[in-house]
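Sequential numbering from 0 applies to the sequence shown in numbering that gives the first Met the number 0. Positions of the beta carbon are idealized from the N, C-alpha and C atoms, including for glycine. This one's a predicted model, so the numbers in the text were calculated from it and none came from an experiment. Read through the structure below, which is laid out as structure tokens, and then see the notes.
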Amino acid sequence: MKLITISVITLLFTGSLFNQYEAAMEAAIEKLYAAQSPEALQQAGNTFERIAKKETDKWHPHYYAAYVRIMLTTHTGDAAGKDQHLDAALEHIQSAKTLSPNNSELLALEGFIHMLRIPIDPASRGPQYSGMSMGALQKAIALDPDNPRAYLLLSDMQYGTAQFFGNGNEEACKTLQKAIDLFATDRPDHKLDPAWGEAWAGHSKKEKGC
């Protein structure tokens, strides 16, 4: 009877800790999506990094910490600053991949990181990072053909490549439409799973002239 009581208490305690983790993550994700300044982004990022250090068996905190770093590159003007954020983002993705191998969302974000390296110095970085980005995004799609974020990011890579070589945008638009179609039915498996990208896809369609 004593052993049963201890087991019940342990289960209740473990469940309480998990609920606290989920609540902290949900609050941080809400702040992330509502952020309108680099300071607000950084605050959300700091929260994810603290959670990642504490919850060493969870991949979601690393994912969102990486996503914040990616978003911060849009508020950073110098190349060194952008690279610093992207380096940190990639470290989080690598940590998350050890916890959740063959995760389509992680590979999509990895492809995003490689893609953002290119415009920092297109002439020298394009040949290296274009292939790395394409490879990660294509693997993300192979792992989950219904991941709209992977198609959205792939369409950006295809569009950038077409622009560089003076080609049309047909392939990029086709991939983007696939993303838009998938966003219409996208339902995360878990409440902490990524859910961003639909508004971006709509804006991207206008921007690309699709």
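task: With DSSP collapsed to three states, give me the class of Trp-199.
output: On the sequence shown, position 200 is the one that residue 199 refers to. If DSSP states are grouped into helix, strand and coil, Trp-199 belongs with the helices.
message: Which residue wins for smallest C-alpha separation from Ala-198, given the options His-189, Asp-180, Lys-190?
response: Counting from one through the sequence shown, the residue named residue 198 turns up at place 199. The shortest Cα separation from Ala-198 among His-189, Asp-180, Lys-190 belongs to Asp-180.
message: With distance defined between alpha-carbon atoms, name the residue in Met-131, Arg-148, Leu-136, Phe-111 nearest to Thr-73.
response: The count along the sequence shown starts at 1 and reaches residue 73 at position 74. The candidate whose alpha carbon is nearest that of Thr-73 is Phe-111.
task: Go through its chain and collect everything with a Cβ distance to Pro-37's Cβ below 7 Å, but skip five positions before and after it.
output: Position 38 of the sequence shown holds residue 37. Excluding residues within five positions, the ones whose Cβ falls inside 7 Å are Leu-71, His-74.
query: Applying the criterion that 16 or more other CB atoms from any shown protein chain within 10 Å of the CB defines a buried residue, is Gln-35 buried or exposed?
result: Indexing the sequence shown from 1 puts residue 35 at position 36. Label assigned to Gln-35: exposed.
Rounded C-alpha distance that separates Lys-119 from Ala-78: Here residue 119 refers to the residue found at position 120 when the sequence shown is read from its first residue. Here residue 78 refers to the residue found at position 79 when the sequence shown is read from its first residue. In the sequence on display, residue 119 carries Ile and not Lys. Each residue's alpha carbon lies about 6 Å from the other.
message: So, with DSSP's three-state summary, where would you put Gly-44?
response: What you label residue 44 is simply residue 45 of the sequence shown in a count that begins at 1. Helix.
N- and C-terminal bounds of the alpha helix (DSSP H) containing Arg-213: Not covered by the structure: residue 213. The range shown for the chain is 0 to 209.
- prompt: Which term fits Gly-165, buried or exposed, when burial requires 16 or more other beta carbons within 10 angstroms of its beta carbon?
  reply: As a working note, residue 165 is residue 166 in the sequence shown. Result: exposed.
query: So is His-59 buried or exposed if we call it buried at 16+ other beta carbons inside 10 Å?
result: Translated into the one-based positions of the sequence shown, residue 59 becomes position 60. Under this definition His-59 is a buried residue.
field: Stretch-stretch touch, CB-based, cutoff 8 Å, three pairs: the stretch 136 to 153 with the stretch 79 to 99
entry: no
message: Excluding the 5 residues flanking Ser-6 on each side, which residues of the same chain have their C-beta closer than 8 Å to its C-beta?
response: Taking the sequence shown and counting its residues from 1, one reaches residue 6 at position 7. Low confidence applies here, because Ser-6 scores a pLDDT of 44, under 50, leaving its location unreliable; read the following figure in that light. Hits under 8 Å: none found.
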